[in-house]
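**Student:** Let me begin by handing over the structure; questions about it come next.
Here it is as structure tokens:
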């Protein structure tokens, strides 16, 4: 089967446990790119959080694209031209913020410039996210979060046992209103209903004139499920969650064992 586009999750997939791209993975991706295969990083991170990886892999060319915020934003890396964008309204913000307080979990809000939280006791996983994605962290009261902000996603974050209890208390109508994904044990992401990695990948493939059967998607966690289910070849990392492994067409080694390179080399 011919592969023309490869969508790759970052954390737990592209990066090893030390948050590095291994030499073999880097070499294989650059080889694929030189052959004309689109290499598209597809992540829950915002754009500032992927710039180092885009630079290392030399993915700032005329035909390079990136999918960020778990599918909320698809854009060209060189020009920043937006292919697809889904955001949350101010009313969505107010509803989600109130719900987080009802179920007892920390929360932060992300636009294209910063991470905001109304929690006076700023959660350690909010600090962790700001550090991870290299974005400024700002304390803002609910009243200071004005309608002019272009909110891309919100995240309930907390210790796993606290977060799981909070999620179990969410009303069904709330969960049905948004796209929600638990991207790690301590992150529960809330996005526009139309936003997902799978939808974003489909839009990009259509924009590029690439068939679904010519798309490969590689991931390890729940937020990767939609793109793995969409792709002609869905690949689960060796360290993937069980539901991702069940959904995948192909399994590869873990992120500490050059899993991305291993599966790509079979199709180059």
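Residue numbers (the working numbering): 637 to 904.
Glycine included, every Cβ here is placed at the ideal spot set by N, Cα and C.
Computed from a predicted structure; not experimentally measured.
Straight-line CA distance for residue 714 to residue 720?
**Tutor:** 16 angstroms
**Student:** Note down, one range per segment and in chain order, each beta strand (DSSP E) of at least 3 residues found wholly within the stretch 690–770.
**Tutor:** 701–704, 709–712, 718–721, 742–746 and 751–753
**Student:** Note the first and the last residue of the continuous beta strand (DSSP E) segment covering residue 827.
**Tutor:** 823–827
**Student:** Got a sec? Which residues, its chain only, sit under 7 angstroms from residue 717 by beta carbon, not counting five neighbours each side?
**Tutor:** 711
**Student:** State the Cα-Cα distance for the pair residue 878 and residue 679, rounded to the nearest angstrom.
**Tutor:** 19 angstroms
**Student:** Is it true that the CB of residue 862 sits closer than 8 angstroms to the CB of residue 788?
**Tutor:** no
**Student:** Among 848, 803 and 748, which one has its Cα closest to the Cα of residue 638?
**Tutor:** 848
**Student:** Taking only heavy atoms of the ligand MG into account, decide whether any of them is closer than 7 angstroms to the Cβ of residue 735.
**Tutor:** Although the ligand MG was asked about, the structure shown includes no ligands whatsoever.
**Student:** Which of the three DSSP states, helix, strand or coil, is assigned to residue 819?
**Tutor:** strand
**Student:** Work out the CA separation of residue 767 and residue 775 for me, nearest whole Å.
**Tutor:** The straight-line gap from Cα to Cα measures roughly 15 angstroms.
**Student:** Just to confirm my understanding: we take residue 822, look at its own chain, exclude 5 residues before and 5 after, and list those with CB closer than 7 angstroms. What are they?
**Tutor:** 761, 793, 794, 795, 796 and 799
**Student:** Once DSSP output is grouped into helix, strand and coil, what is the label at residue 866?
**Tutor:** helix
**Student:** Which whole-angstrom value describes the C-beta separation of residue 871 and residue 852, a residue pair presumed to lie in contact below a C-beta threshold of 8 angstroms?
**Tutor:** 6 angstroms
**Student:** Run through the DSSP bridge pairs and tell me what residue 791 is partnered with.
**Tutor:** 744 and 825
**Student:** DSSP on residue 665, reduced to helix/strand/coil?
**Tutor:** Secondary structure at residue 665: helix, using DSSP grouped into helix, strand and coil.
**Student:** Roughly how many whole angstroms lie between the Cα atoms of residue 695 and residue 829?
**Tutor:** So the two alpha carbons sit approximately 29 angstroms from each other.
**Student:** Apply the 10 Å Cβ neighbour rule to residue 725 and answer buried if 16 or more other Cβ atoms are within range, or exposed otherwise.
**Tutor:** exposed
**Student:** Alpha carbon to alpha carbon, how far is residue 585 from residue 896?
**Tutor:** Absent from the structure is residue 585, since the part of the chain shown begins at 637 and ends at 904.
**Student:** Can you name, in chain order, every residue of its own chain whose Cβ lies under 7 angstroms from the Cβ of residue 839, other than the five neighbours on each side?
**Tutor:** 710, 719 and 720
**Student:** Using a Cβ-Cβ cutoff of less than 7 angstroms, which residues in the same chain neighbour residue 640 once the five nearest sequence positions on both sides are dropped?
**Tutor:** 673, 674, 846 and 850
**Student:** Could you compute how far the alpha carbon of residue 883 sits from the alpha carbon of residue 735?
**Tutor:** 31 angstroms
**Student:** For residue 651, name the three-state secondary structure that DSSP assigns.
**Tutor:** coil
**Student:** Can you tell me whether DSSP reads residue 871 as helix, strand or coil?
**Tutor:** strand
**Student:** Can you give the beta carbon distance from residue 753 to residue 764, rounded, assuming they're within the 8 angstroms contact cut?
**Tutor:** Wrong, their Cβ atoms sit about 12 angstroms apart, outside the cutoff.
**Student:** From residue 836 to residue 742, what distance separates their C-alpha atoms?
**Tutor:** The straight-line gap separating the alpha-carbon atoms of residue 836 and residue 742 is approximately 28 angstroms.
**Student:** Starting from residue 803, follow the alpha helix (DSSP H) in both directions and report where the run begins and ends.
**Tutor:** 796–804
**Student:** Take residue 816 and list the residues in its own chain whose beta-carbon comes closer than 6 angstroms to its own, dropping the five residues that flank it on each side.
**Tutor:** 826
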